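Okay, structure first, notes after.
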Amino acid sequence: MSTKKQANRMITDFLKKIANEETETVLVEGEDRMVTKAEALARLMWKMALGFEESKITVNGEVKDFIHNPDKGMMGAIIDRVEGRAIPTVTTGKGGRTVTDKVSEQGKSRISEAGGIVNDN
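Converting from the sequence shown to the numbering used here requires adding 265 to each position, the first position being numbered 1.
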């Protein structure tokens, strides 16, 4: 395995481990409850998707109310997660191949290495 792949795998493993740490406090049904970082993040995603109001104290000591409108991008992310949809096609920024193209090419490469036949049509 290449060094880059090894590093990426290690980071992913650490992120999963940290996501399962029960260190966050959230208000659930009127009571504070300890939850995992992953659950806290999921709750924050829902909050952003639905929109919310909050009050903040400014530097002057004034209380200012903020209304956060529902976030359509977060709605889409939640729906995609819940429905199990594939990630959208995104360009790499070089104007070249998309993520979908890269995955397809990688699949063809693996089939070829395994001795299979790849039809590009």
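For glycine and all other residues, C-beta sits at the position ideal for the given N, C-alpha and C.
All figures in this text were calculated on a predicted structure; none of them were measured in a lab.
According to DSSP, residue pairing for S320 in a beta bridge involves D330. Remark: C-beta atoms of K312 and E286 do not approach each other more closely than 8 Å. Non-local beta-carbon contacts of V347 in its own chain, meaning distances under 7 Å to residues more than five positions away in sequence, are absent. In the displayed model, E294 falls within coil according to three-state DSSP, outside both helix and strand. Rounded to the nearest whole angstrom, the CA to CA distance from N325 to M266 is 56 Å. In the DSSP annotation of this structure, the continuous segment of the alpha helix (DSSP H) that includes R346 starts and ends at 337-348.
Collapsing the DSSP output to three states places M266 in coil. When only Cα atoms are considered, I344 and G316 end up about 16 Å apart. The Cβ-Cβ distance between P335 and A314 falls below 8 Å.
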